[in-house]
Amino acid sequence: MAESGKTATKNLALIEAINLALHSEMGRDEDVVVLGEDIGKNGGVFRATVGLLDAYGEGRVIDTPLAETLVAAMAIGLSTQGLRPVAEIQFSGFLYPCVDQVVNHATRYRNRTRGRMSCPLVIRAPNGGGIHAPEHHSESLETTFAHMPGLRVVCPSSPARAYGLLLAAIRDPDPVIFLEPTRCYRLFKQSVEDNGEALPLDTCFVEREGSDITLVSWGAMMHDTRRAADLLAEEGIAAEVIDVATLKPLDLETILTSVAKTGRCVIAQESARAGGWGSEIAAGLAEHGLLSLFAPVMRVSGYDTIMPLARMEKLFIPGVERILKEVRKVFEIAPKN
Amino acid sequence: MAESGKTATKNLALIEAINLALHSEMGRDEDVVVLGEDIGKNGGVFRATVGLLDAYGEGRVIDTPLAETLVAAMAIGLSTQGLRPVAEIQFSGFLYPCVDQVVNHATRYRNRTRGRMSCPLVIRAPNGGGIHAPEHHSESLETTFAHMPGLRVVCPSSPARAYGLLLAAIRDPDPVIFLEPTRCYRLFKQSVEDNGEALPLDTCFVEREGSDITLVSWGAMMHDTRRAADLLAEEGIAAEVIDVATLKPLDLETILTSVAKTGRCVIAQESARAGGWGSEIAAGLAEHGLLSLFAPVMRVSGYDTIMPLARMEKLFIPGVERILKEVRKVFEIAPKN
Amino acid sequence: MNAPNDTAHRKVASFEIFHTQYLDPEGRPTAEWPVWAQKPESLRELYRLMVRTRVFDKKAVSLQRTGQLGTYAACLGQEAIGAAIGHALAADDVFMPAYREYAAQFARGVPMKDVLLYWGGDERGMVYPEGTPAYHDFPLSVPIGTHVPHSIGVAYAFKLRGEKRVVLVSCGDGASSKGDFLEAVSSAKVWDLPIVFLVNNNQWAISLPRQKQTGAQTLAQKAIAGGMPGEQVDGNDAVATREVLSQAIARARNGEGPSLVEAITYRLHDHTTADDARRYRPDEEVQAAWGNCPIKRTKAYLQRSGHWSDADEQRLLAEAAAEVEAQVQAFLDTEPEPPAAIFDTLYESLPKSLVWQREEVIAAGPIGEDH
Amino acid sequence: MNAPNDTAHRKVASFEIFHTQYLDPEGRPTAEWPVWAQKPESLRELYRLMVRTRVFDKKAVSLQRTGQLGTYAACLGQEAIGAAIGHALAADDVFMPAYREYAAQFARGVPMKDVLLYWGGDERGMVYPEGTPAYHDFPLSVPIGTHVPHSIGVAYAFKLRGEKRVVLVSCGDGASSKGDFLEAVSSAKVWDLPIVFLVNNNQWAISLPRQKQTGAQTLAQKAIAGGMPGEQVDGNDAVATREVLSQAIARARNGEGPSLVEAITYRLHDHTTADDARRYRPDEEVQAAWGNCPIKRTKAYLQRSGHWSDADEQRLLAEAAAEVEAQVQAFLDTEPEPPAAIFDTLYESLPKSLVWQREEVIAAGPIGEDH
Ligand SMILES: Cc1ncc(C[n+]2csc(CCOP(=O)(O)OP(=O)(O)O)c2C)c(N)n1
Ligand SMILES: Cc1ncc(C[n+]2csc(CCOP(=O)(O)OP(=O)(O)O)c2C)c(N)n1
Ligand SMILES: [Mg+2]
Ligand SMILES: [Mg+2]
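Protein chains in written order, with our numbering: chain C, 1 to 337; chain A, 338 to 674; chain S, 675 to 1045; chain B, 1046 to 1416.
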């Protein structure tokens, strides 16, 4: 597996890395099946499953009727029989009908049977706005799921990480919600090695080291966070950038270690502010990092309002400017010495 | 309305106060209808709707088929026609099938039609554990809903507050999720005046003043929090006790004002810890109250595990002991001068 | 399972599903028409509405292709269903559309501009003008099938108040697999609610063909699960669709309860402008379906019977083009809302704890014009 | 809507629903019995299972009444359905119960003690012994109807692997209104999956009578919405229920796809021990329903035909009492799990960030014995 010297390296967009991971894992493990709406001949509305039907056939590439509760429930049933279903929900706004099945069954069969049964399944969906899509196509669902015990929630932010985290999610023996950053699907390419190596599902990634402030984010907002760090660097501010990647279980350690060094923290999320995952991280800092903090923990976030339709969505999604604004507030209260 | 001298005062348990509020508001406003499973002849599995069928008839007291998505959707339809539906979901664990309807429609009709339509509805459900009920009957759902824009989420903690807040919820022109503390339904009685007066839906209640530490909670955990404050008082620690009551929109001001005075804060919630509403409050403190904090903000909470069946549920639900333990940690770090 | 015939077995229920057609694809009547349809002006009105809708639809697609509109869901080839709904409903009935019944919306007073605003990403496209029947209609519904059970509450409200109003809720063949739809159909008859469930069966749900959507031989028979009448109609036959809907509406209005109508049509266009149907369906199928075009057959009938001249056609096309042009212009001229709008109708009045967010958005200033 | 008969209307589908009964309430055969049932021992086995289940059921209720068990859902009067399932399924088939089919669970190897543990609030009541058919069955399902669509995934897995196994999933009349149930029924036939949907129609869903649950005349006809066979059976007739289920299972196993069986019975007990049915249903109805008791009629037949003596009855009752007593004792003797158990099977291995929570629970010590 790990003989990466022998494996092909390709320059891929994030959606292509997802497709590669699916191809690669379906080839490696015949228990992996994919299911969802329009994932067969059509290859998925975002093309994540292109080519799978031809390569693995109708049995393992399952076009489902238009019924998201059924998709989740079917994945549960498949997973209890030792298969490894990877279900696609077309947009995260249509994940809500899966919530009952996920929280009342997928996360519970193992626990309620004390290990006799299990649900090694993945539910993938594009997440977040920024592509001028119709109503209900731009929602951010990560916190709704991350609050649920027994789940893993993963939000990749780059092609290489999407590849490695999706492999990990498929191989994980428990249910995983895998939320892909829609607006990064084709935003940039990255070299991805098809080496079959999974990334860890319990670790935040420190992408960039810095001593002045810790910037924490995940998913699509990582893109803006990276750009913010670049701009800050030009001003002589060294930001440490952390990609949370796996929101649940949360690797607070890595964030605490960073904040212990920098004393400042800004968290950037796209979802509505109240009760978002940024609040969980800030609460962790308020409990375990209070004494290292020089300044308030600022959250940059979507507003507590309905995601606007396309024409106004930019007002909702926080970009680089809003991140920088909060960073400046932090340095105003606690200037660099 | 407010001529309280003329109205009857009764000593009521919380569930009786709910019933009184429903009776009273159905009498006052003929647009109020109630719907749900077993709410008619049976009077609700917890007896919240007892007597309504006899008093107001089959038209306004609607026994529905066993379909929670339908119950939520029907409430939405009713509310768009100017009625004021109050839907009961039998246990909060069965609220999940309502999530899609609530987040994708109830909270949105007003916004998406720029005010042409609206959804003045209430969905009530018992919430939380502690009554040795079967599987799925002891869940805590408040944060799942409180994260959703456009909603109000209310968790009453006493008979009088349940009465006043439920009236407010029914009269509110927007959707309200009303989560009643199951284990307090018959735990204690309180004098409740049937005066038709609603309580505010945007205010935390400072129940008890104190200068040493702020204890924040809501719903059933208020009961334990009150007892913790009593015990602390015996030790000479003056706890200020805040009942959040309306989780969304959150009145952070009142909590900040208190913490500015006490410098210490412990938040008690029954739900799973990660991404619970306690995290939202702690994050608010980490942002706006950092400079007044003498000690870390501690969260007392259920664990990040599935609510155990009855035999072990006590291990999950934090009681007075766990609250006191966190309070002691706070005073260890920041002793009373 | 064959019908058993011994004393152990007793038949307890039986059901039949009928299909109705009055006008065949060549524009020839297949039976004696209902009285209303025998008046030439009735059919001319349906025809005009279908043509105006098609002119609009084509324009909307081209606006999208030229970057002036967001994703758009065309109704090409399905105009008869919308037109029939528009004509069958009374002004104070309530229409709950899915998203391909623009003809019905136009008939009920939705300006074409509003449909463009909606797909252009502007919430004001769901406001609809006061004083029109559309003012108490529902907006388009994107989460498939989820609007269908709202009809239960709306119709219950009518019944409770003794109002003789009817709800017509439409959705696609795909939607007929959703729990929300199925729960509504299962329970509407419990209260004998005045609802017509219209399943717009255009044979495809994006790439899923009808026969993979459910094992049921017809979608009309989903009605049987709710104990209500279910029937099929040729959805490209405006006469039959209008007639079948009118009868279902009349039953509902008379207290006879709900019905389900499956209108069979074909989605001639891609699913939306974001879709490329060539990936999953053969071109021959689409070509063959053009032969069933509802506009073609209505025109053939009207012309053959001497109720429509070439001059009529020219005038209609010119009027429709002018109307669409004006509406497109009105759409393009619509300034974006002020930023505060994203908070202003969130609640009836904004909770005080959110005021700072609204102020932040205002302070950040209006968005650039890149929609 | 009456059946129309002019050239505009064409019949496109028709359906019939049958009801099967072999043994009437007085214990008299209503038709020639299937071969298997003609062997006296077959019926005696069903009878024994029903009686053991009733003895258990009564004991469970009394344990609850004396504070030794949590809320319990009795199966009084519904024993024939569980017994028929238990006998109709093959060992490696999969059974997905709702919660009133204890007889089937016992037949498949679930110890009575496990059922008590479950209602006693102990997750170990869902573990089931390795080596029994129950080991690959599903546990009881409390969120009504939500387990039904799991059958789609399980049956799909069988089909994909070419295994000739069948899933039988049971649920109540109330469950037949849930979207989860309806979505599963709507789609099972798409893949011709080997599933039997069993609707245990005991006339009541807590306080809601069957006729307020849906407008459908029968629940069997919900099958029509999925294009599969649907039929009613007298669920208090163990012969008919076993026969109808066996046929549906055989069809499924032979690749002929899913079926839906509505077994008509009556809930003689309160909904659960937490319910008081006198609030909402007349006592006369319950008294009348006792006349249909499945145990009474089976015994009447066996005795009349000379296949069951008073001595047989005495022996069975004594054996059942002893069995139940032993199981109750085993239940009462079961020590609570160690506190760490609430974390130990949450994930396959506990994420490191949760280890402190497990340690905190352990440090707090075991709970007091107040269950
Ligand atoms: C709940 C939900 N799931 C998925 C989608 C994505 N989607 C949009 S339209 C569509 C197909 C709808 O098919 P049908 O109901 O037949 O309507 P049609 O588009 O053919 O008119 C899908 C899957 C959605 N909008 N909502
Ligand atoms: C989703 C859900 N909603 C509500 C309940 C509460 N509840 C428990 S049993 C029941 C009635 C079930 O009726 P039915 O399906 O006919 O089964 P029965 O109990 O009659 O066997 C209800 C409403 C539940 N357990 N799950
Ligand atoms: Mg369609
Ligand atoms: Mg029942």
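Just so you know, even glycine gets a beta-carbon here, dropped at the ideal spot from N, CA and C. Nothing here was measured: the structure is a model prediction, and the numbers come from that model.
Measuring from the CB of residue 1007(S), is there a heavy atom of ligand 3 at a distance below 8 Å? no
DSSP state of residue 1076(B), grouped into three classes? coil
Could you have a look at residue 12(C) and say whether DSSP puts it in helix, strand or coil? strand
Spell out the partners DSSP gives residue 1063(B) in its beta bridges. 685(S)
Neighbourhood of residue 322(C) by C-beta, 7 Å cutoff - its chain only, sequence neighbours within 5 removed: 300
Starting from residue 1169(B), find everything on chain C with Cβ-Cβ shorter than 8 Å and list it in chain order. 114
Where residue 442(A) meets chain D, residues with beta-carbon distance less than 9 Å: Among the chains of the structure shown, chain D does not appear; the protein chains present are C, A, S and B.
When burial is assigned at 16 or more other CB atoms within 10 Å of the CB, is residue 35(C) buried or exposed? buried
Spatially closest choice to residue 1379(B) from 1094(B), 1161(B), 1057(B) and 1238(B), by CA coordinates: 1161(B)
Chain A contact residues for residue 248(C), given Cβ-Cβ distances below 9 Å: 611, 612 and 641
Return the Cβ separation of residue 320(C) and residue 227(C) in integer angstroms, given the expectation that the two are a contact with Cβ distance under 8 Å. 5 Å
From the beta carbon of residue 470(A), is the nearest beta carbon of chain B less than 9 Å away? yes
By DSSP's criteria, residue 882(S) is part of a beta bridge. Which residues make up the other side? 879(S)
Is residue 817(S) buried or exposed, if buried means 16 or more other CB atoms sit within 10 Å of its CB? buried
Indicate, with yes or no, if ligand 3 has a heavy atom lying under 8 Å from the CB of residue 941(S). yes
Within 9 Å of any Cβ in chain S, is that where the Cβ of residue 1376(B) sits? no
What distance in whole Å lies between the Cβ atoms of residue 1286(B) and residue 1129(B), which are believed to be in contact at a cut-off of 8 Å? 4 Å
Ligand 4 heavy atoms versus the CB of residue 1125(B): any closer than 8 Å? no
Whose CA, out of 97(C), 125(C), 115(C) and 116(C), lies closest to the CA of residue 87(C)? 125(C)
To the nearest angstrom, report how far apart residue 63(C) and residue 882(S) are at their CA atoms. 7 Å
In this structure, how does DSSP classify residue 178(C) when only helix, strand and coil are distinguished? strand
Secondary structure at residue 537(A), three-state DSSP: helix, strand or coil? coil
Whole angstroms is fine: what's the gap from residue 402(A)'s alpha carbon to residue 996(S)'s? 51 Å
Does the CB of residue 996(S) have a neighbour CB from chain A at under 9 Å? no
Could you check what DSSP says for residue 464(A) in three-state terms: helix, strand or coil? strand
Check the Cβ-Cβ distances between residue 45(C) and every residue of chain S, and say whether any is below 9 Å. yes
What is the rounded straight-line gap between the Cα of residue 237(C) and the Cα of residue 285(C)? 22 Å
Under 8 Å, CB to CB, which of the residues in the region 999-1026 of chain S have a partner in chain C? 1010, 1011, 1013, 1015, 1016, 1017 and 1020
Mind pulling the alpha helix (DSSP H) runs of 4 or more residues that sit fully within the region 587-617 of chain A? 589-599
What three-state label does DSSP hand residue 155(C) in the structure shown? coil
Can you tell me whether DSSP reads residue 673(A) as helix, strand or coil? coil
Beta-carbon within less than 6 Å of residue 17(C)'s beta-carbon, same chain only, minus the 5 sequence neighbours each way: which residues are those? 159, 162, 163 and 192
Return the Cβ separation of residue 1224(B) and residue 406(A) in integer angstroms, given the expectation that the two are a contact with Cβ distance under 8 Å. 5 Å
Any beta-carbon of chain A closer than 9 Å to the one on residue 1102(B)? no
Does residue 864(S) have its Cβ less than 9 Å from a Cβ in chain B? yes
If residue 786(S) sits next to residue 969(S), beta carbons under 8 Å apart, how far is it from one beta carbon to the other, in whole angstroms? Contact doesn't hold; Cβ gap of about 18 Å is too wide.
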